[in-house]
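Colleague: Taken in order, these protein sequences are the chains called P and X. Just so we're aligned, residue 1 is where the first sequence starts under my numbering, counting upward by one. Just so we're aligned, residue 1001 is where the second sequence starts under my numbering, counting upward by one. Every residue gets a Cβ at the ideal spot worked out from N, C-alpha and C, and that includes glycine. None of these values were measured; they are calculated from a predicted model. Right, I'll just put the structure down here and ask away after.
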Amino acid sequence: MSVSVHIHDGPIVPPNEPRCQCAGAVVVFEGIVREMESGRRISGLHYQTYDPMAHRELQRLAQEIMKQFELLDVTVAHSRGFVAVGRCSLRVAIAAMHRKPALAAMDGFIDALKRDVPIWKNPVWIADPASAPGVQS
Amino acid sequence: MTITMKLFGPAAQRIGRSEIIIHISAKTVNCRTLRLAMGQQYPQLAELMPSGRLAVNCAYGADDLPISEHDEVAWIQAVSGG
Chain P
1 MSVSVHIHDG PIVPPNEPRC QCAGAVVVFE GIVREMESGR RISGLHYQTY
51 DPMAHRELQR LAQEIMKQFE LLDVTVAHSR GFVAVGRCSL RVAIAAMHRK
101 PALAAMDGFI DALKRDVPIW KNPVWIADPA SAPGVQS
Chain X
1001 MTITMKLFGP AAQRIGRSEI IIHISAKTVN CRTLRLAMGQ QYPQLAELMP
1051 SGRLAVNCAY GADDLPISEH DEVAWIQAVS GG
C-alpha cells in the first residue's frame, strides 16, 4: 500500500504506471482546464500553490482515504503555474481490490482537496469582446 | 508581539502584497486573537475572513492554538484547486 503526491510545474502528463496485481479496480480522475470561465473565454489557468502545505495536505488526505476505504494505492499529481485550456491540471489514480470503495474514495478525495488544499487558480483571459457576458454573437 | 502572515489568492490580491505584519500587545497569542487583530488592522480583509482559515507551520490551526513570532503563519482564503 502506498501514497504518492507530486506538485508539477505546468500540465500533468499521464504516467505509464505499473498496476498493482492485487487491484480489481483502478479509478483515474483527470481535471481538465475548460475554455470558458464565468462566460468568458480563457487561454488557461494559472495555479498558485502554498507548496509545503499543499503537499502536506494532499499527503494527509490521501493517507486518510487510504485508511478509510482500505485502498491499495493512491497517486496524486497537481499542477502549479500555467496550464493551457484542454490540458490536465490534476490527476488522481486510486487502486482498490473492488470498484465501490475506489469510486467512493475518489469522490471524497476530490471534495476534500477542493476544501482543504491551499491551491488557487486564476483565469488568464483572452481579450475577446464577443465572449464577454451579455454579448450575443 | 509581531506576527508576519503570508497571504495567497484573493486575500493577496485584495491587499496588493503577499505578506502582512500584525502587531499584538498581548503576551500570549492564539489563532482566535490573531484573527481578531487581523480584522481590526486590515479591515479590507474583514469581508473575506468568514471563508478563510489560519494555518500555523503548514497545518490548519484550532482557535486555541498558541502562536509565537517564530511560527510560519498563513491566511488560507477559500481554495480553488483541481
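Can you tell me the Cβ-Cβ gap for Ile12 of chain P and Cys88 of chain P, rounded? I've got them flagged as a contact below 8 angstroms.
Modeller: Going by Cβ atoms, the distance from Ile12 of chain P to Cys88 of chain P rounds to 4 angstroms, so yes, they are a contact pair.
Colleague: Rounded to whole angstroms, what is the Cα-Cα separation between Val117 of chain P and Lys1027 of chain X?
Modeller: Computed Cα separation, rounded: 32 angstroms.
Colleague: Quick check on DSSP: helix, strand or coil for Ile1067 of chain X?
Modeller: Reduced to three states, the DSSP call for Ile1067 of chain X is strand.
Colleague: Report the three-state DSSP secondary structure of Met36 of chain P (helix, strand or coil).
Modeller: Strand at Met36 of chain P.
Colleague: With 8 angstroms as the C-beta to C-beta threshold (strictly closer), list the residues of the stretch 1044-1064 of chain X near chain P in chain order.
Modeller: Answer set for the stretch 1044-1064 of chain X: Ala1055, Cys1058, Ala1059, Tyr1060.
Colleague: Please report the residue range of the alpha helix (DSSP H) in which Ala105 of chain P lies.
Modeller: That run of the alpha helix (DSSP H) goes 99-116.
Colleague: Pull up the DSSP beta-bridge partners for Gln48 of chain P, would you.
Modeller: Gln48 of chain P pairs with P:Trp120.
Colleague: Rounded to a whole number of angstroms, what is the C-alpha to C-alpha distance between Leu58 of chain P and Gln1044 of chain X?
Modeller: So the two alpha carbons sit approximately 30 angstroms from each other.
Colleague: Which word fits Gly86 of chain P, buried or exposed, when buried means at least 16 other C-beta atoms lie within 10 angstroms of its C-beta?
Modeller: Gly86 of chain P is exposed by the Cβ-count criterion.
Colleague: Excluding the 5 residues preceding and the 5 following Val26 of chain P in the sequence, name in chain order all residues of the same chain whose CB lies nearer than 6 angstroms to its CB.
Modeller: So the list reads Ala95, once near-sequence residues are dropped.
Colleague: Check the Cβ-Cβ distances between Leu103 of chain P and every residue of chain X, and say whether any is below 8 angstroms.
Modeller: With 8 angstroms as the cut-off, Leu103 of chain P does not count as an interface residue toward chain X.
Colleague: Tell me which residues share the same chain as Gln136 of chain P and place their Cβ nearer than 6 angstroms to its Cβ, disregarding the 5 neighbours each side in the sequence.
Modeller: Model confidence at Gln136 of chain P stands at a pLDDT of 35, short of 50, so the residue's coordinates are unreliable; what they give is reported in the following sentence. Cβ neighbours of Gln136 of chain P beyond the five flanking positions: none.
Colleague: For Ile1024 of chain X and Tyr1060 of chain X, what's the separation of their Cα atoms in angstroms?
Modeller: The alpha-carbon atoms of Ile1024 of chain X and Tyr1060 of chain X are separated by roughly 21 angstroms.
Colleague: Can you round the beta-carbon distance between Ala1008 of chain X and Tyr50 of chain P to whole angstroms, since I take them to be within the 8 angstroms contact cut?
Modeller: Checking the displayed sequence, the identity of residue 1008 of chain X turns out to be Phe instead of Ala. So it is a contact: roughly 6 angstroms between Cβ atoms.
Colleague: Where do the ends of the alpha helix (DSSP H) carrying Gln1040 of chain X lie?
Modeller: Run containing Gln1040 of chain X: 1031-1041, per the alpha helix (DSSP H) assignment.
Colleague: Could you tell me whether the Cβ atoms of Leu45 of chain P and Lys114 of chain P are closer together than 8 angstroms?
Modeller: Contact: no.
Colleague: Distance check for Ile1015 of chain X and Met1005 of chain X, CA to CA, integer angstroms please.
Modeller: Taking the straight line from one Cα to the other gives about 12 angstroms.
Colleague: Following the continuous beta strand (DSSP E) through Ile1022 of chain X, name the residue where it begins and the one where it ends.
Modeller: Element bounds for Ile1022 of chain X: 1019-1023.
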